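S.K.: Pasting in a structure now, in structure tokens, and then I'll have a few things to ask.
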Amino acid sequence: MNRRTLLAAGLATAAVPAVAACGGSSSGTSDGPLQFILSGDANQGGGYAAMVEKYQEETGVVVEIVDVPYDDLETKVRNAAKANDLPALGRMPAVDPVWLDRTVDLADIAAEVKPIEGMVAADEDGKVPALPSDLTAVGMFLNRDLWDEAGVEYPTSIDDNVWTWDEFLEAANTVREKTGVKFSLTMDRSSHRLNSFLYQHGSEGLALSEDLSQYAADDAAVEALERFVAMNDDEVMPRSVWLTEEDPNAMFKTGQVTAYYSGSWQIADFIANIADFEWIGVPMPAQPEQATNFGAAAQIVVFEGTGQEEQALDFVSWLYSPENYAEISRIAGFLPATEGIEVSYDDRQEDFDLYNAAIAASPAFVGEGKTRELELQVSGAAAPLSGDPLRDETVKAIAGDVSVADAVTTALDQLNESLA
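When the letters of the sequence shown are read in order and numbered with mature numbering (1 follows the signal peptide of the UniProt record, and there is no 0), they come out as residues -20 to -1, 1 to 400.
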């Protein structure tokens, strides 16, 4: 898998204040500001705010950022679509069937900027409704001070003799016992992280078939999930993270755990907010697979019916030019989702190099699975899920309410019902 050199994330300016309105079509003319709806720009260094300011300086065109809470974003845009009051463009969590047919074709831009394998898909007519805004990838962080205090070694690159899960757990437990911290490991309460754990144990996870007709799980998925459930024993891992949603990020930042299984999006936060100890990114264990789980952090879409389609396309094309896309990646701490982009970040080069290597080392089925999931999204054939089936059923298994085998079966049933 071809990737570009990644350095590390920096912080930058605050975002343009959000506005309450959402419509570009009914609230103005084609000469008015382009409304760009998204979530979390201010928390990611204000990258989009910086770029729209630069765009206005270069072109005179005003792009107005509408930064809304993440939990409100999907509902707000769905309601805007139903009211025929969509903004000019958006950075959305996923392609949504509610507004899929209200998107402008981005195939020409996609052909020019070349998103990496698995991060873009066309429908049966060749229309590309969305472009990946940036990548995220799963990874592991250690409290370096604790590991060094305990005198326990750890790999620092994929080229090292990367540890197995057996070796990692033995090492992390030793650090916990020698330093007196509460837990060996914590992991975000998410199937995105859990799937990478399954991949590393030789499973393809809860995988969608090539014809997009069915989800299935292999025996290795059940075996790996059995292990994960057993690890939630209030020694290796705190049960409270998955059972009661205690914050694993806060646990790591307050020195309660030796290791944190999370991802690339944490780097900017740790740079800014961890001052009491040294931390380090390390390769995730392989048993036997060296694998991460990666994907688009969000999708850039241009909406139809606003009278501003051409202006919005011009902005998106400008944003994805190599110079500008590298700049927003530096400011916001993004992993670029297109080929050939070299980014000079302000700090932590080694951490982003590690994510780059982890993505490249992942087995082909990871990227192939991402392609199929995105093809399903752009086809509009699947109903939106109300929750996260793998996560939610795993929580029940940790609580002892269901067996792991039943949890997998129920999660598959829910996923397959969404295809009906």
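Where a beta carbon is used, it is the ideal one built from N, C-alpha and C, also for glycine.
Here the structure is a predicted model, which means the values were calculated and not measured.
I'd like to confirm the pairing. Which residues does DSSP put opposite W259 in its beta bridges?
M.R.: Working through the sequence shown from its first residue, we reach residue 259 at position 279. Partner(s): N123.
S.K.: Counting C-beta neighbours from all protein chains within 10 Å, is the total for K62 16 or more, i.e. buried, or is it exposed?
M.R.: Sequence index remark: in the sequence shown, residue 62 carries index 82 (1-based). Looking at its Cβ environment, which holds fewer than 16 other Cβ atoms inside 10 Å, K62 is exposed.
S.K.: Residues in the same chain with beta-carbon distance under 6 Å from A337, minus the five sequence neighbours each way, listed in chain order, please.
M.R.: The count along the sequence shown starts at 1 and reaches residue 337 at position 357. So the list reads I138, once near-sequence residues are dropped.
S.K.: Would you decide whether T234 is buried or exposed? Buried here means 16 or more other CB atoms lie within 10 Å of its CB.
M.R.: Taking the first residue of the sequence shown as 1, we reach residue 234 at position 254. Result: exposed.
S.K.: Just how far apart, CA to CA, sit V93 and D85?
M.R.: Within the sequence shown, the letter at position 113 stands for residue 93. Within the sequence shown, the letter at position 105 stands for residue 85. If you take the alpha carbons of V93 and D85, they lie about 14 Å apart.
S.K.: According to DSSP, simplified to helix, strand and coil, what is P95?
M.R.: Residue 95 sits at position 115 when you count from the first residue of the sequence shown. Strand.
S.K.: Here's the rule I'm using: 16 or more other beta-carbon atoms within 10 Å means buried, otherwise exposed. How should V59 be labelled?
M.R.: For this step, residue 59 is matched to residue 79 along the sequence shown. It is Asn, not Val, that sits at residue 59 in the sequence shown. Per the 10 Å Cβ criterion, exposed.
S.K.: Excluding the 5 residues preceding and the 5 following S183 in the sequence, name in chain order all residues of the same chain whose CB lies nearer than 6 Å to its CB.
M.R.: Translated into the one-based positions of the sequence shown, residue 183 becomes position 203. Here the set comprises D198, A200, A201, A204.
S.K.: Report the three-state DSSP secondary structure of S243 (helix, strand or coil).
M.R.: On the sequence shown, position 263 is the one that residue 243 refers to. For clarity, residue 243 is Gly in the given sequence; the question names Ser instead. In this structure, G243 counts as strand in the three-state DSSP scheme.
S.K.: Is it a yes or a no for the segment 213 to 220 touching the segment 99 to 107, going by three-plus beta-carbon pairs under 8 Å?
M.R.: no
S.K.: Cα separation between S301 and D294?
M.R.: For the purposes of this step, residue 301 is taken as residue 321 along the sequence shown, with counting starting at 1. For the purposes of this step, residue 294 is taken as residue 314 along the sequence shown, with counting starting at 1. Going from the Cα of S301 to the Cα of D294 covers about 11 Å.
S.K.: According to DSSP, is L399 part of a helix, a strand, or is it coil?
M.R.: As a working mapping, residue 399 is identified with position 419 in the sequence shown. If DSSP states are grouped into helix, strand and coil, L399 belongs with coil.
S.K.: Tell whether a beta-carbon distance below 8 Å holds between G20 and Y50.
M.R.: Looking up residue 20 in the sequence shown gives position 40. Looking up residue 50 in the sequence shown gives position 70. Cβ atoms of G20 and Y50: closer than 8 Å.
S.K.: With 16 other CB atoms within 10 Å as the buried threshold, where does S324 fall?
M.R.: Against the sequence shown, residue 324 aligns to sequence position 344. It counts as exposed.
S.K.: With the cut-off set at 8 Å, would you say V111 and Q279 are in Cβ contact?
M.R.: The residue given as residue 111 occupies position 131 in the sequence shown. The residue given as residue 279 occupies position 299 in the sequence shown. Val is not the amino acid found at residue 111; the sequence shown has Leu there. Going by C-beta atoms, L111 is nearer than 8 Å to Q279.
S.K.: Tell me the rounded alpha-carbon separation between residue 409 and D11.
M.R.: Any answer about residue 409 is impossible in this case: the structure gives the chain only from -20 up to 400.
S.K.: Cutting at 7 Å between CB atoms, please list the residues of its own chain near A363, excluding the five before and the five after it.
M.R.: Reading the sequence shown from its first residue, position 383 is the one you call residue 363. Excluding residues within five positions, the ones whose Cβ falls inside 7 Å are S398.
S.K.: Could you tell me which residues DSSP pairs with L392 in its beta bridges?
M.R.: Your numbering for residue 392 matches position 412 in the sequence shown. Its beta-bridge partners do not exist; DSSP assigns none.
S.K.: Pop quiz: residue 414 and G275 are said to be a contact at Cβ under 8 Å. What is the actual Cβ separation, rounded to whole angstroms?
M.R.: The question about residue 414 has no answer, for the chain in this structure spans -20 to 400.
S.K.: In its own chain, which residues sit with a C-beta less than 6 Å from the C-beta of S242, not counting the 5 before and 5 after it?
M.R.: Working through the sequence shown from its first residue, we reach residue 242 at position 262. Taken in chain order, the residues that qualify are D168.
S.K.: In the DSSP assignment, find the unbroken beta strand (DSSP E) run with V100 in it and report its ends.
M.R.: To locate residue 100, count along the sequence shown from 1; it is residue 120. Careful: V100 lies outside any beta strand (DSSP E) and carries neither H nor E.
S.K.: Report buried or exposed for P268, applying the criterion of at least 16 other Cβ atoms within 10 angstroms of its Cβ.
M.R.: Along the sequence shown, read from residue 1 onward, the residue named residue 268 stands at position 288. Per the 10 Å Cβ criterion, exposed.
S.K.: Would P13 and V43 be called neighbours here (beta carbons separated by less than 8 Å)?
M.R.: Position 33 of the sequence shown holds residue 13. Position 63 of the sequence shown holds residue 43. Contact flag set, yes.
S.K.: Would you grab the beta carbon distance between L365 and L192 for me? Rounded to a whole angstrom, and I think it's under 8 Å.
M.R.: Along the sequence shown, one-based indexing puts residue 365 at 385. Along the sequence shown, one-based indexing puts residue 192 at 212. Between L365 and L192 the beta-carbon gap is near 15 Å, outside 8 Å, which marks them as no contact.
S.K.: In this structure, what does DSSP give as the bridge partners for I280?
M.R.: Walking along the sequence shown from the start, residue 280 turns up at place 300. DSSP lists R71, L111 as partners of I280.
S.K.: Could you check the C-alpha separation between R(-18) and Q270 for me, to the nearest Å?
M.R.: Mapped onto the sequence shown, residue -18 falls at position 3. Mapped onto the sequence shown, residue 270 falls at position 290. Per-residue confidence for R(-18) stands at a pLDDT of 36, beneath the threshold of 50, marking its modelled position as unreliable; no derived number is given.
S.K.: Buried or exposed: S189, going by 16 or more other Cβ atoms within 10 Å of its Cβ?
M.R.: For this step, residue 189 is matched to residue 209 along the sequence shown. Under this definition S189 is an exposed residue.
S.K.: On the DSSP letters alone, give me the boundaries of the beta strand (DSSP E) that M167 sits inside.
M.R.: Within the sequence shown, numbered from 1, the residue matching residue 167 stands at position 187. Where M167 is concerned, the enclosing beta strand (DSSP E) stretches over 163 to 167.
S.K.: If we require 4 or more residues per run, which alpha helix (DSSP H) segments fall completely within the segment 7 to 89?
M.R.: 27 to 39, 50 to 62
S.K.: Would you grab the beta carbon distance between T116 and W245 for me? Rounded to a whole angstrom, and I think it's under 8 Å.
M.R.: By one-based count along the sequence shown, residue 116 stands at place 136. By one-based count along the sequence shown, residue 245 stands at place 265. That belief holds up - the Cβ atoms of T116 and W245 are roughly 5 Å apart, short of 8 Å.
S.K.: Tell me the residue span of the alpha helix (DSSP H) that contains W143.
M.R.: As a working mapping, residue 143 is identified with position 163 in the sequence shown. Looking at the DSSP string, W143 is not in any alpha helix (DSSP H), and its letter there is neither H nor E.
S.K.: What separation, rounded to the nearest whole angstrom, lies between the Cα atoms of I311 and V346?
M.R.: Working through the sequence shown from its first residue, we reach residue 311 at position 331. Working through the sequence shown from its first residue, we reach residue 346 at position 366. If I take the Cα positions, the gap works out to 28 Å.
S.K.: Can you give me the start and stop residues for the alpha helix (DSSP H) that D309 sits inside?
M.R.: Locating residue 309 in the sequence shown gives position 329, counting from the first residue. Residue identity differs from the one stated: residue 309 is Ser in this sequence, not Asp. It spans 302 to 312 - the alpha helix (DSSP H) in which S309 sits, taken as one unbroken run.
S.K.: Going by C-alpha distance, which of L392, E348, D368, I308 is nearest Y35?
M.R.: Looking up residue 35 in the sequence shown gives position 55. Cα-wise, what sits closest to Y35 is I308.
S.K.: Nearest to D140 by CA position, among P77, Q194, E33, A266, is which residue?
M.R.: For this step, residue 140 is matched to residue 160 along the sequence shown. Out of P77, Q194, E33, A266, A266 has the C-alpha closest to the C-alpha of D140.
S.K.: As a quick exercise: from T390, F232, I254, V237, pick the residue whose alpha carbon is nearest that of V155.
M.R.: Here residue 155 corresponds to residue number 175 of the sequence shown, with the count starting at 1. When each option's Cα is compared against that of V155, the closest is V237.
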